[in-house]
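Accompanying notes for the structure given below.
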Amino acid sequence: MSSSSSPSQTSTTPTTKPPPSSTSLPVRAIPGTYGLPLIGALSDRFKYYWFQGPETFLKKKMESYKTTVFRTNIPPSFPFFLNVNPKMIAVLDCKAFSTLFDMDVVEKKNVLIGDFMPSTSFTGNIRVGVYLDTTEPQHAQVKSFCLDILKRSSNVWTSEFLSNMNDMWGKIEKDVAVNGSASYLVPLQQSLFKFLAKCIVGADPSTSPEVAENGHIMLDKWLALQLIPTQSIPVLQPLVEIFLHSFAYPFALVSGDYGKLYEFVKKQGHETVQLGITEYGLSQDEVIHNLIFVLGFNAFGGFSVFLPSLIDSLGSSNNEIQEKLRKEVRQVVGSSPLSFELVKKLDLVQSFVYETLRLKPPVRAQFARARKDFVLSTHDSGFEVKKGELLFGYQPFAMRDPKVFDEPETFIPDRFTGDKKKELLNYLYWSNGPQSDSPTISNKQCAAKDYVVLTACMLVADIFQRYDSIKATSSAITAIEKAK
Ligand code: HEM
Numbered sequence: 001m002s003s004s005s006s007p008s009q010t011s012t013t014p015t016t017k018p019p020p021s022s023t024s025l026p027v028r029a030i031p032g033t034y035g036l037p038l039i040g041a042l043s044d045r046f047k048y049y050w051f052q053g054p055e056t057f058l059k060k061k062m063e064s065y066k067t068t069v070f071r072t073n074i075p076p077s078f079p080f081f082l083n084v085n086p087k088m089i090a091v092l093d094c095k096a097f098s099t100l101f102d103m104d105v106v107e108k109k110n111v112l113i114g115d116f117m118p119s120t121s122f123t124g125n126i127r128v129g130v131y132l133d134t135t136e137p138q139h140a141q142v143k144s145f146c147l148d149i150l151k152r153s154s155n156v157w158t159s160e161f162l163s164n165m166n167d168m169w170g171k172i173e174k175d176v177a178v179n180g181s182a183s184y185l186v187p188l189q190q191s192l193f194k195f196l197a198k199c200i201v202g203a204d205p206s207t208s209p210e211v212a213e214n215g216h217i218m219l220d221k222w223l224a225l226q227l228i229p230t231q232s233i234p235v236l237q238p239l240v241e242i243f244l245h246s247f248a249y250p251f252a253l254v255s256g257d258y259g260k261l262y263e264f265v266k267k268q269g270h271e272t273v274q275l276g277i278t279e280y281g282l283s284q285d286e287v288i289h290n291l292i293f294v295l296g297f298n299a300f301g302g303f304s305v306f307l308p309s310l311i312d313s314l315g316s317s318n319n320e321i322q323e324k325l326r327k328e329v330r331q332v333v334g335s336s337p338l339s340f341e342l343v344k345k346l347d348l349v350q351s352f353v354y355e356t357l358r359l360k361p362p363v364r365a366q367f368a369r370a371r372k373d374f375v376l377s378t379h380d381s382g383f384e385v386k387k388g389e390l391l392f393g394y395q396p397f398a399m400r401d402p403k404v405f406d407e408p409e410t411f412i413p414d415r416f417t418g419d420k421k422k423e424l425l426n427y428l429y430w431s432n433g434p435q436s437d438s439p440t441i442s443n444k445q446c447a448a449k450d451y452v453v454l455t456a457c458m459l460v461a462d463i464f465q466r467y468d469s470i471k472a473t474s475s476a477i478t479a480i481e482k483a484k
């Protein structure tokens, strides 16, 4: 595929952007309290993880303060996260949320998942790109490297994705034929690992049998140990609070697997590693640990969350929606091999993907620290934020902001089509930035913003080239009807 058809060409110019730090609104003190020392944090932690869950916890506070910006503790916290400060400012509407992307007023140093940062031993004692603020020179080096890898991989991205999806659907069809349904998470992750190792690292897992067999499990364990303290797991309480949310897990539990991944990237991804060293001035260790992180955390982790929710949206949608999608795919693409160029023409499929990203943003919480004192604007008020305070943006609420999205709670498959598309994309934030913007070294937007959307479109198009209809949940395919 020529570079002119690479996904980065899809960005549109923003029409109107919400002004993040406008001060023309009445300025109020931020409501909310952090409660008594230690007890306040513990009480909020139990409500957030156990008694209420994140949505109810935030909704109750939003209703009681009658605003979308308020002070609250967000776990992890007391007793064993001694260096973690849970005091944050929740940001729950679309306008205020855009402040999290304004690198003039916020910084993103070490705040990927809040004030808690997993030990750098998980990443070779290196602070990898996602933890770097845009003012740190290394951020530009690592981000440019990542953008370059994506561009270079665009000639194999489609073929690798489709051939690995072909393997996945083969396994699923066999299971459905025998058992009537098929759990697809394992075959999906196996296929994702192989596809992403090839595209991001330039490494073929089949050259390393243990990694080919278990690479996806190695990454799952490595991810889980880093993320568990920040994830709501609404089962088996109080055991979860005692054993999963009270202390950070040590890297030693996965160091053996990580060492194997390191050797795999070093040996099989030699060319990509050399590119990072010679073109971007990174040391060998910096390149390899950043590659493992982008492969495992950003790409494998991101797709492992997003694609099941997309399959769920599709597999639980009614016949009429599936028929419209199928018709578009067959009219525009027919049985031609899929390409980025072709899926860019699928308006309804793209809108379906955008609507899934709006209602089920794969990364729910985003954080940013005030770089200076500033006024944070909601639709109707301004709030004074002090330098150093941590903002906690919760995407599922911002993406259901009734002032921006009509019928915000409803999944409307064609919401992002026609005249309103261009305007609405300014408010679709799943990638840590508006869908109408592009990732650069000056922002913290997902480097693969366009690749993710087009890959998801390709999954939907591939499904309707294979099948007339599909029934599925976020973990299983329950029925498929082959294309006639
Ligand atoms: C569905 C899949 C994906 C999702 C949901 C996703 C989401 C995100 C989000 C929300 C961020 C911002 C995190 C923050 O700072 O708050 C981010 C950053 C990033 N993503 Fe993605 N991502 C996905 C796939 C990928 C892929 C495939 C790649 C690379 C090949 C990638 C590379 C990156 C990089 C390098 C950053 C850091 C940007 C920076 O530091 O400026 N992501 N991603």
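In terms of UniProt numbering, the sequence shown opens at residue 1 and continues consecutively.
The beta-carbon is built from N, C-alpha and C at its ideal position, and this holds for glycine as well.
Would residue i be called buried (16 or more neighbouring beta carbons within 10 Å of its own) or exposed?
i, result
"E107", "buried"
"I477", "buried"
"F243", "exposed"
"G302", "buried"
"A252", "exposed"
"N179", "exposed"
"L261", "buried"
"G334", "exposed"
"S442", "exposed"
"L348", "buried"
"T123", "buried"
"I39", "exposed"
"V353", "buried"
"S255", "exposed"
"L100", "buried"
If you draw a straight line from the alpha carbon of residue i to that of residue j, how long is it in whole angstroms?
i, j, result
"K444", "L295", "17 Å"
"D204", "A197", "7 Å"
"K194", "F297", "15 Å"
"Q350", "F340", "12 Å"
"C457", "T120", "35 Å"
"T230", "I74", "9 Å"
"T207", "W222", "22 Å"
"S3", "V156", "Its pLDDT being 34, under 50, S3 is placed unreliably by the model, and nothing is read from it."
"P187", "Q226", "24 Å"
"R71", "R364", "18 Å"
"I113", "E328", "39 Å"
"Q322", "S469", "7 Å"
"R369", "L391", "6 Å"
"K471", "S191", "21 Å"
"R466", "E279", "42 Å"
"E136", "V265", "26 Å"
"residue 549", "T56", "Lying outside 1 to 484, the shown extent of the chain, residue 549 is not represented and no answer is given."
"E389", "V453", "33 Å"
"L424", "P209", "46 Å"
"P37", "N83", "14 Å"
"V211", "S431", "29 Å"
"F161", "A461", "13 Å"
"F374", "K387", "8 Å"
"residue 492", "Y427", "There is simply no residue 492 to check, as the chain begins at 1 and stops at 484 in what is shown."
"H379", "G393", "15 Å"
"T16", "S246", "Here T16 scores only 39 on pLDDT, less than 50, and its place in the model should not be relied on; the value that follows carries that caveat. Roughly 44 Å separates the two Cα atoms."
"L42", "L236", "18 Å"
Within the present structure, is the beta-carbon of residue i separated from the nearest heavy atom of the ligand HEM by less than 7 Å?
i, result
"W430", "yes"
"I200", "yes"
"F161", "no"
"L219", "no"
"Y354", "no"
"A140", "no"
"V294", "yes"
"Q226", "no"
"K108", "yes"
"V84", "no"
"A448", "yes"
"A146", "Before going further, note that residue 146 is Cys rather than Ala in the sequence given. Within the cutoff, so yes."
"F195", "no"
"K444", "yes"
"P187", "no"
"L275", "no"
"N298", "yes"
Any heavy atom of the ligand ADP closer than 7 Å to the Cβ of residue i?
i, result
"V265", "Ligands in the displayed structure: the ligand HEM; the ligand ADP is not one of them."
Could you give the uninterrupted runs of the alpha helix (DSSP H) lying entirely in the region 43-129, keeping only those of 4 residues or more?
Runs of the alpha helix (DSSP H) lying entirely within the region 43-129 and spanning at least 4 residues, in chain order: 54-65 and 94-97.
At 4 residues or longer, and completely inside the region 227-274: list those alpha helix (DSSP H) runs for me, N to C.
When DSSP assignments are scanned along the region 227-274, the uninterrupted stretches of alpha helix (DSSP H) that are 4 or more residues long and fall wholly within it turn out to be 255-268.
Continuous alpha helix (DSSP H) assignments of at least 4 residues falling wholly in the region 344-385:
Whole alpha helix (DSSP H) segments, 4+ residues: 347-359.
Hey, which unbroken runs of the alpha helix (DSSP H) at 4 residues or more fall wholly within the region 144-176?
Counting only runs of 4 or more residues that sit fully inside the region 144-176, no alpha helix (DSSP H) segment turns up.
With a floor of 3 residues, list each beta strand (DSSP E) that falls wholly inside the region 377-459, ordered by position along the chain.
Correct list: 382-385 and 390-394.
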